[in-house]
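In the working numbering, the protein residues as written are 135 to 300. Below you'll find the structure, written out as structure tokens, and then a few comments.
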Amino acid sequence: MSVRVQRKGFDAGQLIADLHARNPRVGAVVNFIGYVRDLNVGQSVTELFLEHYPGMTEKALEQIAEQARERWPLMAVEIVHRVGALSVTEPIVFVGVSSKHRHAAFEACAFIMDVLKTRAPFWKRETTPEGSHWVEARESDQNAAFRWSLAHASPGTVECNKSLIR
């Protein structure tokens with residue numbers, strides 16, 4: 135398992151190759167790369183600035199990766215998240231997982247991204263032609279993370295769990 139928070143860019147192709155090369159039994163490598171978009175909520179974006187809480191951020195990412203490893207039979211997990219000033223089209227985040235089988239890899243990668251968006255302590259400031267503003271958490275991100283708590287909830291606990299994430 136590897137977690138990095140960094141200012142510099144990353145080579146996604148090399149990260150994918152490394153995930154495959156770590157174990158000859160790897161049958162699937164699934165990855166997600168998030169990029170800075172030029173448009174968000176109808177506004178033109180010229181820059182995205184990401185801040186984080188050093189130490190706390192890495193710990194949160196490690197916990198998320200470990201939760202994925204507890205839920206699925208994974209061989210490796212790689213998370214790289216950038217911070218600082220990023221221009222449109224630059225990569226922000228890489229999440230990659232390897233497993234013997236594709237189902238576990240797909241599910242784990244989706245889980246990590248969905249939970250990362252709501253639990254990792256990152257703060258985003260978008261710059262637009264009108265100025266800059268902090269980006270608020272979206273309900274769709276909360277809902278995406280919530281679906282994973284439903285997958286392991288026992289009857290009668292769903293409403294309690296749902297109220298905790300709102």
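A virtual CB, placed ideally from N, CA and C, is assigned to each residue, including glycine.
{"Check": "Between the Cα of Q140 and the Cα atoms of P158, S274, P225 and G230, which residue gives the shortest distance?", "Outcome": "P225"}
{"Check": "Can you tell me where the alpha helix (DSSP H) holding T252 begins and where it ends?", "Outcome": "R236 to R253"}
{"Check": "State the start and end residues of the unbroken beta strand (DSSP E) segment that holds E260.", "Outcome": "F256 to T262"}
{"Check": "What does a CB cutoff of less than 8 Å around R281 pick up in its chain, not counting 5 residues either side in sequence?", "Outcome": "D248"}
{"Check": "Since V164 and C243 are thought to touch, with beta carbons under 8 Å apart, how far apart are those beta carbons, to the nearest angstrom?", "Outcome": "4 Å"}
{"Check": "I'd like the span of the beta strand (DSSP E) that includes G189, first residue to last.", "Outcome": "It is not in any beta strand (DSSP E) - G189 carries neither H nor E in the DSSP assignment."}
{"Check": "Please name the residue in P207, V227, R205 and A146 whose C-alpha comes closest to that of G168.", "Outcome": "V227"}
{"Check": "My output table needs one value for F183: the three-state DSSP class, helix, strand or coil.", "Outcome": "strand"}
{"Check": "Among N277, F183, R138 and R253, whose alpha-carbon lies nearest the alpha-carbon of V269?", "Outcome": "F183"}
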